[in-house]
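For reference, the structure is listed below as structure tokens.
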Amino acid sequence: MLGKIANINPDGKYTKAKRYGNYENFLQKSFDSNFFPRDSIVFSSAAVFLSKIGWYLNEVKNHSKDKIHLNFIIGEIEFSADIDLVGFTVSSRQLLGMIKKSASSQKVIKTFVKVSVRKLFYLEDEIMIREMSGIKKLFEKIDQLKMEGNFDKYDSFAFNNLLDGIQSEVEEDFIFILSGLYTFIEKLKKYESMKSYKFIDDKKSAVIIENIVTAYE
């Protein structure tokens with residue numbers, strides 16, 4: 018995982034994400050040709066949707082006929098997710114990876130956070146754009162702990178209290194992310210269209226931090 022974090026170019030795609038604005042540029046990216054044709058009208062519709070909500074799609078890979086991997090950037094935060102199209106309704110939770118960079122004492126800190134989020138499936142063309150303030154605060158709290166290494170949710174008391182005071186704000190951010198993510202996939206016509214689906218409540222917290230990895234450049 019640290020290797021993947023180290024490969025991020027802070028002067029490349031993070032800068033591009035702020036000025037990205039139309040699907041013509043989006044279609045110039047290199048994506049899995051087995052997943053969709055480059056000149057697909059359906060794909061163009063999906064790209065236009067991402068442009069409207071201010072996301073930069075960095076990568077789409079087809080793991081198999083039924084599973085896809087997406088990597089996208091919102092502001093200064095990079096997100097990744099694997100979507101099981103066939104077993105989508107089997108699990109009530111979605112795993113998401115997040116990477117953010119920050120500067121400290123003339124060093125660059127790269128922080129990876131893996132979260133398990135309760136699925137909320139609601140497709141919406143007109144999504145209110147969020148500034149990811151809750152998730153940004155989460156990364157700020159992690160920075161304040163001055164952690165370095167690989168930690169999971171069982172490692173420390175401090176780890177388990179990272180969401181204190183920002184839980185609702187973080188949950189709202191992830192509702193926005195899941196709505197945008199699933200709406201984008203629906204526009205690719207890769208699974209049977211549904212406008213909403215109610216998942217079984219697993220009685221767990223809506224957002225669970227599973228893993229944190231930090232490294233200094």
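Heads up: the sequence shown begins at 18 in the working numbering, then just goes up one per residue.
We put the CB at the ideal spot given by N, CA and C, even for glycine.
G114 burial status per 10 Å Cβ neighbour count (16 or more: buried): Here the question's residue 114 lines up with position 97 in the sequence shown. Label assigned to G114: buried.
Going by Cα to Cα distance, which pick from K158, G166, A232 is closest to N178? Here residue 178 refers to the residue found at position 161 of the sequence shown. Per the Cα distances, K158.
Is N178 helix, strand or coil by DSSP? Position 161 of the sequence shown, counted from the start, is the residue given in the question as residue 178. Of the three classes helix, strand and coil, the one that applies to N178 here is coil, per DSSP.
Within its chain, find whatever has a CB closer than 6 Å to the CB of S72; leave out the 5 residues flanking it on each side and keep chain order. On the sequence shown, position 55 is the one that residue 72 refers to. Per the sequence presented here, residue 72 reads as Trp, with Ser not at that position. Here the set comprises F89, I91.
Could you check the C-alpha separation between V224 and A232 for me, to the nearest Å? Translated into the one-based positions of the sequence shown, residue 224 becomes position 207. Translated into the one-based positions of the sequence shown, residue 232 becomes position 215. Taking the straight line joining both Cα atoms gives about 24 Å.
State the DSSP-derived secondary structure class of K158, mapped to helix, strand or coil. On the sequence shown, position 141 is the one that residue 158 refers to. Residue state, collapsed to three classes: helix.
Just to confirm the assignment, what range does the beta strand (DSSP E) spanning V132 have? Start at 1 with the first residue of the sequence shown, and residue 132 comes out as number 115. Unbroken beta strand (DSSP E) run through V132: 124-135.
Around the C-beta of N39, are 16 or more other C-beta atoms found within 10 angstroms, so that it is buried, or is it exposed? Taking the sequence shown and counting its residues from 1, the one referred to as residue 39 is at position 22. Since pLDDT at N39 reaches only 44, below the 50 mark, its modelled position is unreliable, and the value read off the structure follows with that caveat. A residue is called buried once 16 or more other Cβ atoms fall within 10 Å of its Cβ, and N39, having fewer, is exposed.
Relative to the alpha-carbon of D218, which residue among L137, K170, E95 has its alpha-carbon at the smallest distance? Counting from one through the sequence shown, the residue named residue 218 turns up at place 201. Comparing Cα positions, the closest option is L137.
Just to confirm, is the Cβ distance from I152 to G197 under 8 Å? The sequence position of residue 152 within the sequence shown is 135, counting from 1. The sequence position of residue 197 within the sequence shown is 180, counting from 1. The answer is no: Cβ separation not under 8 Å.
Find the nearest neighbour of S81 within the set S68, N75, V65, I100, judged by alpha-carbon distance. The sequence position of residue 81 within the sequence shown is 64, counting from 1. For the residues S68, N75, V65, I100, the minimum Cα distance to S81 belongs to I100.
How many angstroms separate the CA atom of S121 from the CA atom of V130? Working through the sequence shown from its first residue, we reach residue 121 at position 104. Working through the sequence shown from its first residue, we reach residue 130 at position 113. Whole-angstrom Cα-Cα distance: 18 Å.
For F89, report the span of its beta strand (DSSP E) as first-last. What you label residue 89 is simply residue 72 of the sequence shown in a count that begins at 1. From DSSP, the beta strand (DSSP E) with F89 extends over 84-91.
DSSP state of A223 mapped onto helix, strand, coil: Indexing the sequence shown from 1 puts residue 223 at position 206. Note: A223 maps to coil in three-state DSSP.
CA-CA distance, E188 and K124? Counting from 1 along the sequence shown, the entry for residue 188 is found at position 171. Counting from 1 along the sequence shown, the entry for residue 124 is found at position 107. Looking at the two C-alpha atoms, the distance is approximately 30 Å.
Among R135, K154, S150, which has the Cα closest to the Cα of Y214? Taking the first residue of the sequence shown as 1, we reach residue 214 at position 197. The residue with the shortest Cα to Cα distance from Y214 is R135.
Under the rule that 16 or more other beta-carbon atoms within 10 Å means buried, what is I146, buried or exposed? Translated into positions along the sequence shown, residue 146 becomes position 129. Burial call: exposed.
Under a Cβ-count criterion, where at least 16 other Cβ atoms within 10 Å of its own Cβ denotes burial, should Q111 be classed as buried or exposed? Translated into the one-based positions of the sequence shown, residue 111 becomes position 94. Buried is the call here.
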